[in-house]
Amino acid sequence: MRILSPSPPFHNAARSTKKSTRDLIIQGFQRVVQLLDSIETITIEDKLNGLEQIIKLNQNFPNEKMKSIVQFTISSENTNELDSWIGWIKSRLSFFFSDCEETCHYTFQSQNAIEYQSNKNEARYAIAFHVQSTTLQQCPQFTICLQKLSDQVNSFSNRTPSMKFDHKIMSIDNWKLEQMKHSNR
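Quick note on our numbering: the sequence shown kicks off at 87 and runs consecutively.
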């Protein structure tokens, strides 16, 4: 069973689990227990139906307690460059997560996977936070954490001019609207 990815790129790895994701992981297990209690698992067909429902549970990003999103847009000229670029950025994200937790004392939820866009030269990745987007934008410590991430990302030795990295801070509602627009394309 997949649980919320504590911090990419290490799916479900105890060594990368942040304190702020512990409650989200526990909630995920509690939802599975509630689901299993509510369905019949007598026949094999019932068990398969139950497993299908459990698999569908992992689509819980962002959690209902989250109020804002920091969305990263990663792009490059070709897919090989993009994959290399994404690998570098993933390696820097763990430092950003630690900074957000230790410096800003923010609870966050990272998206399970980086979403490649239809043109395959662009990808998006989102991190949800428990505070409003205005709070994120006005917090000096968070601004420093973002700048530190940006500096680390920009230090990639194999970076080419076509490799771009941008971020956008927005409310959950605006992010959901944007997701719907992109899925309709």
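Backbone N, C-alpha and C fix where the C-beta goes; we use that ideal spot for every residue, glycine too.
This structure is a prediction, so every number in the text was calculated from the model and none was measured.
Endpoints, the beta strand (DSSP E) within which residue i is located
i: Q195; result: 194 to 196
i: A199; result: Taken as a continuous stretch (DSSP letters only), A199 belongs to no beta strand (DSSP E), as it is neither H nor E.
Residue interval of the alpha helix (DSSP H) (run including residue i)
i: K239; result: Looking at the sequence shown, residue 239 is not Lys but Val. From DSSP, the alpha helix (DSSP H) with V239 extends over 226 to 240.
i: I141; result: 130 to 142
Coil, strand or helix - residue i by DSSP
i: M249; result: coil
i: Q120; result: helix
i: Q280; result: In the structure displayed, the chain extends from 87 to 271; residue 280 sits before or after that span and is not available.
i: M87; result: Note on M87: pLDDT 38, under 50, position unreliable in the model; no value is reported.
i: A170; result: Sequence inspection shows Ser at residue 170; the Ala mentioned does not correspond to that position. Correct three-state label for S170: helix.
i: M256; result: strand
i: I155; result: strand
i: F147; result: coil
i: S161; result: strand
i: E126; result: coil
i: P92; result: Annotation note: pLDDT 46 at P92 (below 50); position unreliable, no value reported.
From the options, residue whose alpha carbon lies closest to that of residue i
i: G114; options: H253, I141, T220, N240; result: I141
i: Q253; options: W261, K206, E167; result: The sequence given here has His at residue 253, not Gln. Answer by Cα proximity: W261.
i: N166; options: M256, D259, S257, M249; result: M249
i: W174; options: V156, T246, I128; result: T246
i: I111; options: F194, K133, C190, D259; result: F194
i: F181; options: V239, V119, Q116; result: V239
i: I258; options: M152, L168, F242; result: M152
i: F158; options: D109, E138, L232; result: L232
i: R178; options: S236, R108, S269, D109; result: S236
i: F242; options: T220, D123, I172, L222; result: I172
i: T220; options: V156, K133, R117, K176; result: V156
Anticipated Cβ contact below 8 Å, residue i with residue j, distance rounded
i: A209; j: I160; result: 5 Å
i: M256; j: S154; result: 7 Å
i: N207; j: L168; result: 6 Å
i: G136; j: T127; result: 5 Å
i: I125; j: Q139; result: 7 Å
Cβ of residue i within 8 Å of any chain B Cβ
i: S243; result: Here there is only one protein chain, and chain B is not present.
Problem - Any 3 or more C-beta pairs closer than 8 Å across the stretch 144 to 159 and the stretch 210 to 230 - result: By the Cβ criterion, the stretch 144 to 159 is in contact with the stretch 210 to 230, since at least three pairs of Cβ atoms, one from each stretch, lie closer than 8 Å.
Practice task
Tell me, please, whether the stretch 178 to 186 touches the stretch 227 to 244 by the rule of three or more beta-carbon pairs shorter than 8 Å.
Solution key: With the cut-off at 8 Å, the stretch 178 to 186 and the stretch 227 to 244 touch.
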